[in-house]
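Peer 1:
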Amino acid sequence: MTDARKTAEEHLRAWCDGDPEAVAAAVASYADPDSGGTLAGPALAAHAAAVLARFRNLRFETGRVAGDADAAVVSWTLTADHRDAYLGIPATGGAVTVTGTDLVTVDADGAHVRRDFDRLALAAGLGYGARFVPESDGTREFGVSARAATGRTERPGALVLTWLEVRDDAEAADVDLLSVEIVKSLRAARGFLGVTTFDIGDRKYTLSAFDRPESVRAVHARPHQRAVRRFFKSGLCTRVHTSVWRPIHARDYARCPGCAAVVVTGADAACPCGWTPGDAPTL
């Protein structure tokens, strides 16, 4: 009969060896926080292959092993190299460490492993903090955003809006890496004022501000050209939108910290107590 303690050791060894088929062969079923449920056979081998592609050179340090031939709990510390997207996090190229446990039980069908670890702690180890947003309520979708400013305070003369629809977390991470390179190239452009990016549902949006429409050609630097080629030639994303907008009306307001009066920014206006807000805010 299968021994739970021995199976736990063999299963961890298969992971360390980077062998998806051995991982699947060692147990009758397996589940972890990323598996989407209980897996076995080819489905488990495929899941193990995906994990081993994201995190390479797995090193398990086994802690306390408790139990007997029918059931065992193994605590472990895993160190691995992050080489592919995980939870939408682009590959960092560095090592990450996470702790967890394997519960191994044995019945007539064989050994069953239930692995538990903290995905939030793993994300934190990769340099990412969790941000919780509500589920879609049927009317609204929620997401996260980022901003990169240049410090220039003039009002935009042109806005560029793009969005891309992604298939999954891996593609989302790929788009994020491209976006970082595009933003870096834009910051060196003379007419660029600032950019904000935001994710809502399966769409990734970018809103860039420029001093005048003629400066929009800065968008078409090499990083942007690579992204365009990836869409048309390599199958990146399912849909893309791009457009250029000219503001018809723009007005900024600020509240005086002393008398609380509202004053128009960027104009020769002052509140009753003499305070002036200065330049318009950056994007």
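Numbered as in this note's numbering, the sequence shown ends at 298 without a single skipped number. Even for Gly, the Cβ is constructed at its ideal location relative to N, Cα and C.
Measuring only the C-alpha atoms, how far is residue 153 from residue 208?
Peer 2: 35 Å
Peer 1: May I ask you to report which of helix, strand or coil DSSP gives residue 263?
Peer 2: coil
Peer 1: Three or more C-beta pairs under 8 Å: does that hold for the segment 19-36 against the segment 59-66?
Peer 2: yes
Peer 1: On the three-pair Cβ rule with 8 Å, is the segment 200-216 touching the segment 156-172?
Peer 2: yes
Peer 1: On the three-state DSSP scale, how would you describe residue 189?
Peer 2: helix
Peer 1: Does the segment 270-289 come close enough to the segment 217-237 that 3 or more CB-CB pairs lie under 8 Å?
Peer 2: no
Peer 1: In whole angstroms, what is the alpha-carbon distance linking residue 143 and residue 104?
Peer 2: Those two C-alpha atoms are separated by around 8 Å.
Peer 1: Please go through the same chain and pick out, in chain order, the residues whose beta-carbon is closer than 6 Å to the beta-carbon of residue 188, but skip the five residues on each side of it.
Peer 2: 100, 103, 105
Peer 1: To which residues of the same chain is residue 141 closer than 7 Å at the C-beta, ignoring the five residues directly before and after it?
Peer 2: Cβ neighbours of residue 141 beyond the five flanking positions: 97, 104, 107, 111.
Peer 1: Here's a check: name, in chain order, each residue in its chain whose Cβ is nearer than 7 Å to the Cβ of residue 76, leaving out the five neighbours to either side.
Peer 2: 91, 92
Peer 1: Among 79, 87, 109, which residue has its Cα nearest to the Cα of residue 73?
Peer 2: 109
Peer 1: Work out the CA separation of residue 293 and residue 168 for me, nearest whole Å.
Peer 2: 10 Å
Peer 1: Mapping DSSP to helix, strand and coil, what is residue 32?
Peer 2: coil
Peer 1: On a CA-only basis, which of 176, 21, 180, 30 is nearest residue 68? Give me that one, please.
Peer 2: 30
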